[in-house]
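The block underneath contains the structure these notes are about, expressed in structure tokens.
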Amino acid sequence: MKLDVMKLDGTKAGDIQVDKSVFSIKPNEAVVRQAVLAEMTNMRQGTHATKNRSAVQGGGKKPWKQKGRGVARAGTIRSPLWKGGGTVFGPEPHDYHHKLPKKLSRLARKSVLSDKAAEGKLLVIEEFTLDSHKTVEFLSILKKLEIDTKKITLLISGFDENLDKATRNLSNVYMVDAAKVSTYDLIDCEILVVDKASMSVLTKILAL
Numbered sequence: 008m009k010l011d012v013m014k015l016d017g018t019k020a021g022d023i024q025v026d027k028s029v030f031s032i033k034p035n036e037a038v039v040r041q042a043v044l045a046e047m048t049n050m051r052q053g054t055h056a057t058k059n060r061s062a063v064q065g066g067g068k069k070p071w072k073q074k075g076r077g078v079a080r081a082g083t084i085r086s087p088l089w090k091g092g093g094t095v096f097g098p099e100p101h102d103y104h105h106k107l108p109k110k111l112s113r114l115a116r117k118s119v120l121s122d123k124a125a126e127g128k129l130l131v132i133e134e135f136t137l138d139s140h141k142t143v144e145f146l147s148i149l150k151k152l153e154i155d156t157k158k159i160t161l162l163i164s165g166f167d168e169n170l171d172k173a174t175r176n177l178s179n180v181y182m183v184d185a186a187k188v189s190t191y192d193l194i195d196c197e198i199l200v201v202d203k204a205s206m207s208v209l210t211k212i213l214a215l
């Protein structure tokens with residue numbers, strides 16, 4: 008299977024032979040859904056908490072004597088029945104981490120890559136390097152590639168300071184290391200932009 012390779016000026020540089028087992032499989036939607044849900048769940052901090060009657064400050068003293076007042080019994084002003092009292096069965100800190108099987112995670116990413124390639128939403132760039140960290144320069148490249156209005160996930164191999172600074176304040180561009188990309192990163196975009204070096208990284212990781 009071959010994909011077109013583009014230059015930063017929008018012209019075609021040639022083509023690249025890609026691994027069919029990574030970029031041309033039948034997408035497994037159920038596995039993709041399972042992977043995305045797991046990854047989104049793992050993003051949760053799990054620090055939510057409320058105070059029960061023992062954690063709320065105050066309430067150590069019995070508000071009035073047990074008998075003789077003609078009112079209901081009360082042992083603390085921090086009872087859940089009272090205003091300012093504790094919360095019953097409220098949320099507590101919880102670890103939501105869910106570990107995906109490696110084979111399932113790889114299959115999910117290959118499914119998304121194959122789907123993007125089939126729909127023409129996978130754009131391979133010969134080499135994505137900038138001369139400066141100016142956002143204007145990066146935007147001009149996107150315009151030449153005719154993807155400046157799209158939501159983009161940009162895969163790179165290793166850290167590039169100029170690219171990082173140029174894309175930092177663009178809400179429609181998300182840059183991620185190809186070796187660490189998740190299923191959610193791949194699916195949460197309209198156009199997936201990958202340089203040739205990152206294609207090699209993806210093939211090495213996923214073609215197992």
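To get our numbering, take the position in the sequence shown, counting from 1, and add 7.
Just so you know, even glycine gets a beta-carbon here, dropped at the ideal spot from N, CA and C.
Predicted model, so just to flag it, every value in this text is computed and none were measured.
- Around the C-beta of Thr160, 16 or more other C-beta atoms lie within 10 Å, and the residue is accordingly described as buried.
- Here Ala42 has Leu107, Leu111, Ser112, Ala115, Thr190 as same chain residues with Cβ atoms under 7 Å from its own Cβ, once five neighbours each way along the sequence are excluded.
- Per the coordinates, the alpha-carbon of Gly127 lies some 35 Å from the alpha-carbon of Tyr103.
- A straight line joining the alpha-carbon of Ile132 with that of Ile148 spans about 11 Å.
- For Asp192, the number of other beta carbons within 10 angstroms of its own is at least 16, and it is reported as buried.
- The three-state secondary structure of Asp167, taken from DSSP, is coil.
- Look at Tyr103 here: in three-state DSSP terms it is coil, with no helix or strand label.
- In the DSSP assignment, Leu130 falls within the beta strand (DSSP E) that extends over 129-132.
- Between Ala185 and Ser205, the gap from beta carbon to beta carbon is short of 8 Å.
- Judged by beta-carbon spacing, Thr142 lies within the 8 Å limit of Leu177, meaning their Cβ atoms are closer than that value.
- Assigned with DSSP and collapsed to three states, Gln52 falls in coil, not helix or strand.
- Check the Cα spacing between Met8 and each of Ile32, Lys72, Gly17: the tightest is with Ile32.
- Taking 8 Å as the cut-off, the beta carbon of Ala45 is found closer than this to the beta carbon of His105.
- Apart from the 5 residues on each side of it in sequence, Lys151 sits with its Cβ closer than 6 Å to the Cβ of Asp16, Gly17 in its chain, given in chain order.
- For Lys19, the enclosing beta strand (DSSP E) stretches over residues 19-24.
- For Met182, there is no enclosing alpha helix (DSSP H); the residue is part of the beta strand (DSSP E) that begins and ends at 180-184.
- Assignment of Asp155 by DSSP, reduced to helix, strand and coil, places it in the coil class.
- For Leu10, the enclosing beta strand (DSSP E) starts and ends at 9-13.
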